[in-house]
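Number of protein chains: 2
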Amino acid sequence: MAPTAKEVYIAVIGAGGVGACFLKQLAYLAKSRPSPRIRLCYFAIIDRALYHDDYSDIDIDNALPLLESNGFDPPQIPNVIKYLSTAPGRVIVVDNTASGLMAASYPEFLKNGISIITPNKKAFSGSYQLWQDIFTSASAGGSFVYHESSVGAGMPIISTLNELVETGDQVTLIEGLFSGTMSFLLNKFSPLEGQGGKWSVEVKKARELGYTEPDPRDDLNGLDVARKITILARLAGLPIESPSAIPVQSLIPKELQTATSSEEFLQKLPDFDHILEKEREEARKANKVVRFVGKVDIMSGEAKVGLEWFEKSHPIANLQGSDNIINFYTKRYGDLPLTIRGAGAGGDVTAMGVTGDLLKILRQV
Amino acid sequence: MAPTAKEVYIAVIGAGGVGACFLKQLAYLAKSRPSPRIRLCYFAIIDRALYHDDYSDIDIDNALPLLESNGFDPPQIPNVIKYLSTAPGRVIVVDNTASGLMAASYPEFLKNGISIITPNKKAFSGSYQLWQDIFTSASAGGSFVYHESSVGAGMPIISTLNELVETGDQVTLIEGLFSGTMSFLLNKFSPLEGQGGKWSVEVKKARELGYTEPDPRDDLNGLDVARKITILARLAGLPIESPSAIPVQSLIPKELQTATSSEEFLQKLPDFDHILEKEREEARKANKVVRFVGKVDIMSGEAKVGLEWFEKSHPIANLQGSDNIINFYTKRYGDLPLTIRGAGAGGDVTAMGVTGDLLKILRQV
């Protein structure tokens, strides 16, 4: 057997909902897997960083309070890369931020032999040039890049799609409900039984319950779904230039796109309730419900994100809560798809996808 | 980086439905992945084997006709192990048989540094002692053992369960429909709409269509499902002694267990149609359908295999064709499970699980 790494150096960036959960899972992993030894050597949030010049350990169990008490101004990204690239072992950066700046720097990390794990969609759904740079840089640097949680949180979506492709199957169509927020909203607005509430009221409620972004327009514009479709389409072999190349049906009324605040948006939204309520009524007359889905036909190259009607017995109509569902149609699977369904958002399950990616690298070093 | 293997030596045993599909996928893999180089050094079926003393390549594309024309009497398993353990590189045995003899020999292969990949359920659902021997032998020998296709064919069932456990989630309950044959049969016998046929007629039809084993009792006894539940329960941390420790509702009438042939069994089966037809009627009065499911409660240690009634809107009631569905309930996922659904049988999709396991090893060597 080839000699294996005895230690890996982990740099964690971000300590929000996912980041905090990941730290707990990292602590579990460090205790449950003696080899390779997991050493946290760098920990940073937007305005604080913690590391030692000799790469000595940051106590994972106390990383957050230590960052609080001992942290200092974070270095610029090029200096982070410089610090990490001279570590005395393999380095893995876990980027739990949603930072576009970090995303744009992945090729530089990877080129320097530093692996990347992240739930951050930005890099993989940015320009196709960045996508290519990321994977050629990883190849050149002998580093790894994993992003399972960028679609469907901790569910095995990306790994499954990769395995279909790598074993020689032909993926023909990918469709599903990719947004926990949209799932929750439409399940309430267009329920299987009974009458849903007013659209603007359901949006307000979802926001109050924390199911939407602080500005609900960041969900309603459909861009999150378009980003996920972009990632899956590219993995299936379709070189989509960017999410803006996909026709997306935004649920933001044209007149409210320029509203200066989310408050103004929510205040004026009731004036436009009739649009979606008309669609719901028409669907109801056809004994169907309305859902917000994404799909990409790999064979024709056509992709689409927006509202569709579904029979009440259809699996996409039958989701509960904020669940996601993803159908892979492939040559091998034939007429019936391979389907994965479950929570597509949440700190713990998203962090699990990140931790699972870390396990994949630990097995390979 | 640690130096990586340049070549791996593959031994393929079995060339039935799964084996033949696997060979095609292996040929694809050998062409699409230049490194490590894949070398087929041993190929055998029950009464023929092909290998060269100098471990030189068997042409994967022509392996079957070569075995036909140049094959000889296969060596005994200990001699196969001897041959493989002196190969000039890492060796992976792909066991595409259903042989109990092979299964019992896994520890010996693994101890000698020879990795095992298989869709064969026997080893992992045999005695708990064999289960333990397999994993301690792999650890001692520095070898790998993967068996994704032993449950749910190529679907990511085992890898998902392993990741849940390894990242520190607590799996609480696993339930589902684990037999493509039982799925097909019950979907016909107790359909969502309309009247199903007579039980004995549906069994005969399913056999004629190739959906059952040559002797349908090998499906109807429920043992296949009990084996799969045993494997999943063990992976989730429950040391089930053997599948016979699980209460299994056999669909073979007591009086027909001793029928000397499948023909005699099928001939006498109509005399017992009233039993299942009564159950179907009772379910129908409750507006439910009957399905054959397996479940294990990891927390209480209780497992069960047999018929259950489901609301027509329930995902388990709504399967089509011979699809499987598996629900993982875990602490992280909360009230709603992580669900995987799709083809649970078939040469190509089963072989894909095997090829996917091979990819996992190739990445690690």
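Line order of the protein sequences matches chains X and Y.
Residues in the first sequence are numbered from 1 upward in steps of one, following the UniProt record's numbering.
Residues in the second sequence are numbered from 1 upward in steps of one, following the UniProt record's numbering.
We treat Cβ as the ideally placed atom computed from N, Cα and C, and that holds for glycine.
Residues that residue i contacts on chain X, provided the C-beta gap is smaller than 9 Å
i	result
residue 313 of chain Y	192, 312, 313 and 318
residue 86 of chain Y	The contacting residues do not exist; residue 86 of chain Y stays about 16 Å from chain X at best.
Chain Y contact residues for residue i, given Cβ-Cβ distances below 9 Å
i	result
residue 51 of chain X	None at all; the shortest Cβ gap to chain Y is about 23 Å.
residue 337 of chain X	341 and 342
residue 355 of chain X	163, 166, 167 and 168
Proximity winner among the options, relative to residue i (alpha-carbon distances)
i	options	result
residue 133 of chain X	X:103, X:196 and X:299	X:103
residue 338 of chain X	Y:111, Y:7, Y:29 and Y:155	Y:155
residue 153 of chain Y	Y:17, Y:292, Y:43 and Y:291	Y:17
residue 329 of chain X	Y:341, Y:336 and Y:226	Y:341
residue 287 of chain Y	Y:235, Y:208, Y:244 and Y:314	Y:314
residue 131 of chain X	X:241, X:111 and X:266	X:241
residue 312 of chain X	X:283, X:364, X:160 and X:125	X:283
residue 129 of chain Y	Y:234, Y:60 and Y:319	Y:234
residue 92 of chain X	X:37, X:205 and X:125	X:37
residue 225 of chain X	X:179, X:136 and X:81	X:179
residue 116 of chain Y	Y:236, Y:202, Y:8 and Y:24	Y:8
residue 39 of chain X	X:6, X:21, X:236 and X:68	X:6
residue 118 of chain Y	Y:13, Y:20 and Y:333	Y:13
residue 230 of chain X	X:262, X:100, X:215 and X:305	X:305
residue 294 of chain Y	Y:268, Y:228, Y:363 and Y:125	Y:228
residue 325 of chain Y	Y:343, Y:332, Y:137 and Y:331	Y:343
Per-residue contacts from residue i into chain X (C-beta, under 8 Å)
i	result
residue 159 of chain Y	156 and 159
residue 146 of chain Y	Those do not exist, as residue 146 of chain Y stays about 12 Å from chain X at its closest Cβ, beyond 8 Å.
residue 9 of chain Y	Near residue 9 of chain Y there are no residues of chain X at all, since even the closest Cβ is about 14 Å away, more than 8 Å.
Residue i versus residue j - alpha carbon distance
i	j	result
residue 1 of chain Y	residue 15 of chain Y	Residue placement at residue 1 of chain Y is poorly supported in this model, since its pLDDT is 40, which falls under 50; the coordinates still yield a value, given next. Between residue 1 of chain Y and residue 15 of chain Y, the C-alpha separation is close to 38 Å.
residue 11 of chain X	residue 31 of chain X	17 Å
residue 271 of chain Y	residue 175 of chain Y	32 Å
residue 354 of chain X	residue 95 of chain Y	32 Å
residue 252 of chain X	residue 54 of chain X	52 Å
residue 217 of chain Y	residue 182 of chain Y	11 Å
residue 289 of chain X	residue 278 of chain X	12 Å
residue 141 of chain Y	residue 358 of chain Y	18 Å
residue 232 of chain X	residue 158 of chain X	7 Å
residue 26 of chain X	residue 208 of chain Y	53 Å
residue 255 of chain Y	residue 348 of chain Y	38 Å
residue 260 of chain X	residue 220 of chain X	16 Å
residue 86 of chain X	residue 120 of chain X	25 Å
residue 244 of chain Y	residue 302 of chain Y	13 Å
residue 188 of chain X	residue 291 of chain X	10 Å
residue 139 of chain X	residue 264 of chain X	48 Å
residue 299 of chain X	residue 173 of chain X	8 Å
residue 204 of chain Y	residue 212 of chain Y	9 Å
residue 168 of chain X	residue 356 of chain Y	10 Å
residue 98 of chain Y	residue 310 of chain Y	33 Å
residue 196 of chain X	residue 321 of chain Y	34 Å
residue 307 of chain Y	residue 319 of chain Y	15 Å
residue 361 of chain X	residue 352 of chain X	14 Å
residue 56 of chain Y	residue 70 of chain Y	14 Å
residue 19 of chain Y	residue 350 of chain Y	9 Å
residue 45 of chain Y	residue 74 of chain Y	8 Å
Partner residues on chain Y for residue i, Cβ-Cβ distance less than 7 Å
i	result
residue 352 of chain X	167, 169 and 332
residue 321 of chain X	336
residue 28 of chain X	168
Chain X contact residues for residue i, given Cβ-Cβ distances below 7 Å
i	result
residue 363 of chain Y	364
residue 348 of chain Y	332
residue 180 of chain Y	Neighbours of residue 180 of chain Y on chain X: none; closest Cβ ~11 Å, over 7 Å.
Where residue i meets chain Y, residues with beta-carbon distance less than 8 Å
i	result
residue 359 of chain X	163, 166 and 167
residue 25 of chain X	167 and 168
Bridge partners - residue i, DSSP secondary structure assignment
i	result
residue 171 of chain X	X:330
residue 108 of chain Y	According to DSSP, which records beta bridges pairwise, residue 108 of chain Y is partnered with nothing at all.
residue 115 of chain Y	Y:92
residue 338 of chain X	X:328
residue 369 of chain X	Since the first and last residues shown for chain X are 1 and 365, residue 369 of chain X lies out of range.
residue 7 of chain X	X:37
residue 302 of chain Y	Y:297
residue 13 of chain Y	Y:44 and Y:95
residue 145 of chain X	X:116
Test: residue i CB closer than 9 Å to a CB of chain C
i	result
residue 26 of chain Y	Annotation note: the requested chain C is absent from the structure, which comprises protein chains X and Y.
query: What residue ranges within the segment 17–105 of chain Y form continuous beta strand (DSSP E) runs of no fewer than 3 residues, ordered along the chain?
result: Complete beta strand (DSSP E) runs here, min 3: 37–45, 48–51 and 90–95.
- request: Jot down the residue ranges of each uninterrupted alpha helix (DSSP H) in the segment 228–293 of chain X, minimum 4 residues, whole runs only, in chain order.
  value: Under the rule that a run must span 4 or more residues, the alpha helix (DSSP H) segments found entirely inside the segment 228–293 of chain X read 262–268 and 273–285.
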